[in-house]
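All remarks here apply to the structure that follows.
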Amino acid sequence: MSELRETRLEKANALKEQGQEPYALRFDLTDRMARLQADHADLANGTERDLKVSVAGRVMTRRVMGKLAFFTLADETGTIQLFLEKATLGESFAQLSSLVDAGDLIGVHGILRRTDRGELSVKVSEWQMLTKSLQPLPDKWHGLADVEKRYRQRYLDLIVTPQSRETFRRRAMAVSAIRRWLDDRDFLEIETPVLQSEAGGAEARPFITHHNTLDLPLYLRIATELHLKRLVVGGFERVYELGRIFRNEGVSTRHNPEFTSVEVYQAYADYNDMMTLTEQLIASVCEQVCGTTRISYQGVDVDLTPSWRRATMHELVQEATGLDFGSFQTREAAVEAMRAANLPTPDKADTVGRLLNEAFEHAVEPNLIQPTFVLDYPQEISPLARKHRSKPGLVERFELFIVGRETANAFSELTDPLDQRSRMELQQERRAAGDVEASGVDEDFIQALEVGMPPTGGLGIGIDRLVMLLTDSPSIRDVIAFPLMRPEG
RNA sequence: GGGUCGCUAGCUCAGCGGUAGAGCACUCGGCUUUUAACCGAUUGGUCCUGAGUUCGAAUCUCAGGCGACCCA
């Protein structure tokens, strides 16, 4: 209600009349809360330490009792109690107790004192309004229980939910740990276009936009793959890009239309090398962010200590269903066996390989809790991966699954330009037939391959899903500061 | 796309056919060791929107909006 706001505006005006700017320019602070708490843990109850400190932050709670008051002041690192007494503050005590609300940002000068009840406090001798807040804070006890509000008004969530702050702190740590790990191994981060005239590198619907001056339809990238490979053709032997990807798809606890990936390409390597790289990289990031590689996700223990299980898609499906997809000569044979095993056989899965993938997604994927590399995918669902060196119909590809979720995807990259062209033409046929996720032929990319790409291992990791794992977050929206929301009605 | 659940005061929630409620927050008064401070008083409402049933709807029905979760 705007009555609260009116009251606070009046307080802001009252401050002005008393010569206090309600929106201050700056404040010289000497200390931050967490450090003060740590450095003065030895201060005895009921005693003072004659050390002048200046701190600033947001007033979280107020407890006023006549001529004495206690505020809790929070900065980014933590909280400290303010010990406010009329005897010390004189006239400005009345101002404090009547014009400062929970939610205001203030700066104070004072000395340290631990109260009789053992709370380290700043005994304030001087205070200054830094920013007057016009909106009330959420319930101090329950916090922001409304999930929708947490996403729509993330700033409130961050103010009152310490766990939310910790999640984004960890996300930042994870992202910088990934960059550091790759930089240390001579991988070069190169930025590739977000706006593309052909959206390729994955099977997904793109967002469409338009360039006015060139009168050109453009797509937001659905992957960084094809441009990073062009860089490998150009002679950069170790490249990566960590950045935003856009896919015009639904929203769920595991999907946001814009998300972050890191794609890594290493010349003269294959998918076996990328497996080692993946487990080393993720284990290292986990160690740095969580302090251990044995973590707990939503009550389930997950052990990310290398090395991880490696099994082929065929083996895993057979293990879970008893079906040997290597023995099916025709789609009909596979359909018959799958029906007998109560597995769905959608029409769009029009080959044995696609049916294998269906069986995998249904019977295996949700049960891959511990990190597992799934190897050797059907060629028809992997148009950018090279043919397997010894298994006909399959490609050298792995996906990494953790807690039932696809977390990484990697290939021995397809370097044969003629093979790549025929794969892309197949995609184009599917698109012509109505598959909105199929891409077309990227002529410029084919031309790059014709110039010659060295044998290369490529890898993509979904940063958001990795961060979910490292922060024990149940929804992707918990790890994206401002997730996509439908506008409020 | 389908299903289940939710939407009531700034926040957290109760009420489930008969006058719109509580705690916290706000405002006022009291209080020099509180930390969900306490005590007293007051203030605060498009019960998500619209239509219907009914003497009477926050409550029942239908449609719509937004969200959460599950399934595809």
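Quick note, in our numbering, the first sequence goes up one by one and the last residue is 1192. All C-beta atoms in this analysis are idealised placements derived from N, C-alpha and C, irrespective of residue type, glycine included. From a predicted model like this one, the values you see are computed outputs, not experimental measurements.
GLY1165: member of the beta strand (DSSP E) spanning 1159–1165, first to last residue. Bounds of the beta strand (DSSP E) holding THR963 are 961–970. Here HIS914 is exposed: its Cβ has fewer than 16 other Cβ atoms, across all protein chains shown, within 10 Å. Its chain contains ARG933, VAL936 as the residues whose beta carbon lies nearer than 6 angstroms to that of ALA1151, once the 5 sequence neighbours on both sides are disregarded; these appear in chain order. By the neighbour-count criterion, in which 16 or more other beta carbons inside 10 Å mark a residue as buried, ALA741 falls on the exposed side. Judged by DSSP in its simplified three-state form, GLY813 adopts strand. Contact check for VAL988 against MET977 fails: the beta carbons are separated by 9 angstroms or more.
Annotation: the continuous alpha helix (DSSP H) that includes THR981 extends over 974–993. Contact between GLN784 and SER824 holds: CB atoms are separated by about 4 angstroms, below the 8 angstroms threshold. In this chain, HIS930 is not harboured by any beta strand (DSSP E); it is covered by the alpha helix (DSSP H) spanning 928–936. Counting only runs of at least 3 residues, the segment 1027–1101 fully encloses the following beta strand (DSSP E) elements, listed from N- to C-terminal order: 1075–1081. In this structure, VAL1077 lies away from THR995, with their beta-carbon atoms at least 9 angstroms apart. Per DSSP, the continuous beta strand (DSSP E) segment holding MET832 begins and ends at 823–834. Less than 9 angstroms separates the beta-carbon of PHE949 from that of ARG924. Counting every other CB atom within 10 Å of its CB across the protein chains shown gives HIS1017 a total of 16 or more, marking it as buried. In this structure, PHE1063 and VAL1020 form a Cβ contact; the two beta carbons are roughly 5 angstroms apart against a cut-off of 8 angstroms. For ASP1006, the pairing in a beta bridge is given by DSSP as ARG997.
Out of ILE1164, GLY1160, ASP819, the CA that lies nearest to the CA of GLU940 is found in GLY1160. The secondary-structure analysis by DSSP pairs GLU1109 across a beta bridge with PHE1104.
Linking ALA1044 to ALA737 through their CA atoms gives a straight-line distance of about 58 angstroms. Assignment of THR870 by DSSP, reduced to helix, strand and coil, places it in the helix class.
By the beta-carbon neighbour count (other beta carbons within 10 angstroms, threshold 16), HIS845 is exposed. The alpha-carbon of VAL1003 is positioned some 36 angstroms away from that of SER1030. Collapsing the DSSP output to three states places ARG1168 in a helix. Take PHE1148, set aside five residues on each side of it, and the residues of its chain with a beta-carbon closer than 6 angstroms to its own are LEU929, in chain order.
The beta carbons of LEU1173 and VAL992 sit closer together than 9 angstroms. Between the alpha carbons of PRO920 and ILE809 lies a distance of about 51 angstroms.
Each of THR750, MET768, LYS852, ILE862 was checked against the Cα of ARG820, and the nearest Cα belongs to THR750. ASP1175 has its alpha-carbon roughly 24 angstroms from the corresponding atom of HIS1065.
Considered as a whole, the segment 844–926 harbours 850–855, 857–863, 865–887 as its complete alpha helix (DSSP H) runs of no fewer than 4 residues, in chain order.
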